[in-house]
């Protein structure tokens, strides 16, 4: 625990900017989060790293960067898609009737997802030069992501028991988790040749990423997993799964097949020995149209990570029937069938959370005497190409608005996200721009605050940026 | 930032936080819910052969010949030594023999051995030869007595003595360590005697002078003797043996056996190649119970005493169902066996060799095959349940059921009754089956008229416990169970059916059950 605290503090100490953008579902900067993770057409400067590198040019400042001071980046979210505070309140200490059990079980219909993610950046710096040269940015970002899908059959089994002649499938069990870091170098510049009467500015950008992976565990195959109770209560367990895992040397993880002895103590720090490495690529286009419209397109995280240190493949295959609970060998066999066997994984590759991002934004400048201030409206479509941590092949659509009453007044932001892995979210946040320094506060789950007892999720993000 | 902006920057977030804080109603005392869950488990699914069930025991084995159990008793031995047979302790004498006093002349006499014993060879461990002399002559007489058949330290035994004039004299010759070898030229009529050659002389006694001598032999003990030793009883030996019946005691007067057998095996142990024959006379075997009742093993005529003679040193006799009451005797299940018999050596007065290390060993053992009829027999026992409330929250079990399915290939009907009692043996409840019967019954395998199993028979019992019973189960300290077994009646129900219980008889047991369990995670802390 002491090491963890030291690691955390050291990490924060190195933390300069933390606007990690990641996958179709993953962590975002506080401004984007407050707009319902709507960011593709409105991200600016270093906020555009990982979203759309072409937007590096969408800033009025020559230099922008973030430091731990005055406010470090914290972007974290956690929750479930099935249990609210109201639910917890209702079921706490309650004797469950059949109806209660049925309702509780129905909450996990389709599988209950428990997730958590966190991101931070060790360094982020943006530099905008002459339009003929373009803009550059560099950042170091960490992502810790994890989700676990709890099969409904498991809750059914726990609540109701194993009825005779019934089968409980656990095929919807799934989990993804990793801790990775990227070192990214971005470049963007205008493409003046395509400017016309509609397109006032067109820019393109690219980001090259070097990834390091520190920990990884994922269920890469889960099928034909079930528990069946027969006529004479004989229990058949079918177990077919494959789990990949890899850990940094500094975690001192000992697998069952390891013969070398370790002291079993992890040795965490800000710069761990990677368990895997890989390369990634982002590219994007951004166009400023007439009448304050912006349309952007980007594809992020094309590439993969190859894990080759402390890897293991844990798998189980086949089925076993327990017909005699007093038979120790049968009990051992069924336990081993669940547990599976682990072998050295050698080297295996996982895709990066490749995502297609399409966004549009429009900024309204209201006249004096009518509705005051300015309003920025934006919409994103995010389509992940895989289900790696932080990503989902389920399309997520979001809209957001940012209103500023007057110059110097904090921005009030809100947004909505639909679809994706976790469904509907109502986001909100504040932005305070003091000129050379701005602060942003956000939550992706404003309903957690507006109606906390109905909340399933909790998320917060805050950050600060220096601009010159 | 202008004035409005600065105020807004401070006031708005503050109001927002106050608003949010007022909305949150986070539960502070979260407890896990409680619920009832139905768990179904397979408990037992096993197939046993009787050979598996009846583990290797001292008394039970499996016959390779006819694949049936053989119940074999211990061996009850009786050791008899033959020391009494290797001795001649009856004194013999040859009194008043007149021996002429003649220089350079011998007289030969024969001192008889007792009971007509003919010794070819013998080694003395003890014994004496003695003679008494009366010299009525006026001069001293010199007497030399030689024993051609006896050697001492490798030389012929010989005694010289001078008897004074008008005096008597006596001499006793110890024979320990002497070896007797009958002279080859000893006539057959003298073979049962010890040859003595006497020489009497004097200085000048006239011809016709004599001395009178008496000869005696007494207490001859041999370490080895060859010849004809007369028949002799070694006496009657009685010995009792305890039998540890164990649980079999429950089956007294309830089990009726077929094919029982009791074997007598007699062996003569000797270093000699030509031992004497022997006879076991009035062998008697009586079974006793603790209550004093007894039963004698008899032959088919009712005679409880039998006589067995050896052939070539050994003898056997078997009591079978055909020639005795052995099946009744074993079914009587005595707790003590009393064996008595008289042992007679050389009953036919034959030639042989005996040593004082020889012995006769009688071994008695009985066996029976597992062909039997059993009246309904109850066995009751108590077991401690050792139910720990820490490890098993039985009181949280609201109901339970156990389904017991027996596919019985053993030709025995059986009943099981289980009563649960508390620490003071106060009854709590009795297990009942689906028919609300206290006894859980399992039908015997079907048998043909010869008692051989033809088909296994399935019996299913569903035992259910309600919440009161499961609560009582949590209080139970002991289970008192009674098992009853019996063989089926014959087809016309006139008598019990004899059945063959074989090692290959199979018992398939399938037990599964379930509980409705009240899950209360607080109890598990």
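Protein chains in written order, with this note's numbering: chain A, 986 to 1453; chain B, 90 to 614.
Here a beta-carbon is modelled for each residue, glycine too, at the ideal position from N, C-alpha and C.
Residue i: first and last residue of the uninterrupted beta strand (DSSP E) it sits in
| i | result |
| --- | --- |
| residue 419/B | Premise fails: residue 419/B lies in the alpha helix (DSSP H), 415 to 420, not in any beta strand (DSSP E). |
| residue 46/B | It is not possible to answer for residue 46/B, since the shown part of chain B is limited to 90 through 614. |
| residue 464/B | First-last for residue 464/B: undefined, no H or E at that position. |
| residue 1425/A | 1422 to 1428 |
| residue 1111/A | 1097 to 1113 |
| residue 502/B | 502 to 510 |
| residue 1232/A | 1226 to 1232 |
| residue 299/B | 299 to 317 |
| residue 1171/A | 1159 to 1175 |
8 angstroms contact criterion, which residue i and residue j should meet: CB distance rounded
| i | j | result |
| --- | --- | --- |
| residue 1184/A | residue 1274/A | 6 angstroms |
| residue 218/B | residue 177/B | The Cβ separation is near 12 angstroms, so there is no contact. |
| residue 168/B | residue 344/B | Not really, about 32 angstroms apart at Cβ, beyond 8 angstroms. |
| residue 1025/A | residue 1281/A | 5 angstroms |
| residue 1061/A | residue 1444/A | 7 angstroms |
| residue 455/B | residue 350/B | 7 angstroms |
| residue 1453/A | residue 1421/A | 6 angstroms |
| residue 317/B | residue 195/B | Not confirmed; about 28 angstroms, so no contact. |
| residue 190/B | residue 300/B | 6 angstroms |
| residue 310/B | residue 216/B | 6 angstroms |
| residue 1081/A | residue 123/B | 7 angstroms |
| residue 238/B | residue 271/B | 6 angstroms |
| residue 121/B | residue 486/B | Contact flag wrong, Cβ pair sits at about 19 angstroms. |
7 angstroms Cβ cut-off: residues of chain A touching residue i
| i | result |
| --- | --- |
| residue 599/B | 1217 |
| residue 119/B | 1073 and 1077 |
| residue 135/B | 1309 |
Residue i: contacting residues in chain B (beta-carbon distance under 7 angstroms)
| i | result |
| --- | --- |
| residue 1310/A | 130, 131 and 132 |
| residue 1214/A | 129 |
| residue 1187/A | Near residue 1187/A there are no residues of chain B at all, since even the closest Cβ is about 34 angstroms away, more than 7 angstroms. |
Alpha helix (DSSP H) segment containing residue i, residue limits
| i | result |
| --- | --- |
| residue 1016/A | 1015 to 1019 |
| residue 1319/A | 1313 to 1324 |
| residue 1143/A | 1137 to 1145 |
| residue 1432/A | 1432 to 1435 |
Cβ pair residue i, residue j closer than 8 angstroms
| i | j | result |
| --- | --- | --- |
| residue 1410/A | residue 1021/A | yes |
| residue 1342/A | residue 1365/A | yes |
| residue 412/B | residue 366/B | no |
| residue 373/B | residue 396/B | no |
| residue 601/B | residue 132/B | yes |
| residue 1295/A | residue 1345/A | no |
| residue 498/B | residue 594/B | yes |
| residue 236/B | residue 285/B | yes |
| residue 1385/A | residue 1044/A | no |
| residue 223/B | residue 257/B | yes |
| residue 1251/A | residue 1200/A | no |
| residue 1301/A | residue 1325/A | yes |
| residue 357/B | residue 180/B | no |
| residue 1100/A | residue 1125/A | no |
| residue 134/B | residue 1140/A | no |
Where residue i meets chain A, residues with beta-carbon distance less than 9 angstroms
| i | result |
| --- | --- |
| residue 127/B | 1145, 1146, 1147 and 1148 |
| residue 603/B | 1146, 1147, 1149 and 1218 |
Contact set between residue i and chain B, taken where Cβ atoms lie within less than 8 angstroms
| i | result |
| --- | --- |
| residue 1076/A | 122 |
| residue 1086/A | 124 |
| residue 1172/A | What residue 1172/A touches in chain B: nothing, since even the nearest Cβ is about 34 angstroms away. |
| residue 1080/A | 122, 123 and 124 |
Any non-hydrogen atom of the ligand NAP within 7 angstroms of residue i CB
| i | result |
| --- | --- |
| residue 497/B | Among the components of this structure there are no ligands whatsoever, and the ligand NAP is therefore not found. |
Interface flag, residue i vs chain C, CB-CB below 8 angstroms
| i | result |
| --- | --- |
| residue 1305/A | Included in the structure are the protein chains A and B, with no chain C among them. |
For the region 1038 to 1084 of chain A, which segments carrying the alpha helix (DSSP H) assignment without a break, of at least 4 residues, lie completely within its bounds, in sequence order? 1070 to 1076
Length-filtered (3 minimum) beta strand (DSSP E) runs lying within the region 525 to 591 of chain B: 529 to 531, 542 to 544, 546 to 554 and 567 to 575
Please give the ranges of any alpha helix (DSSP H) in the region 234 to 276 of chain B, keeping only runs that are unbroken, at least 4 residues long and fully inside the region. none
Length-filtered (3 minimum) beta strand (DSSP E) runs lying within the region 1234 to 1303 of chain A: 1261 to 1274, 1278 to 1292 and 1296 to 1301
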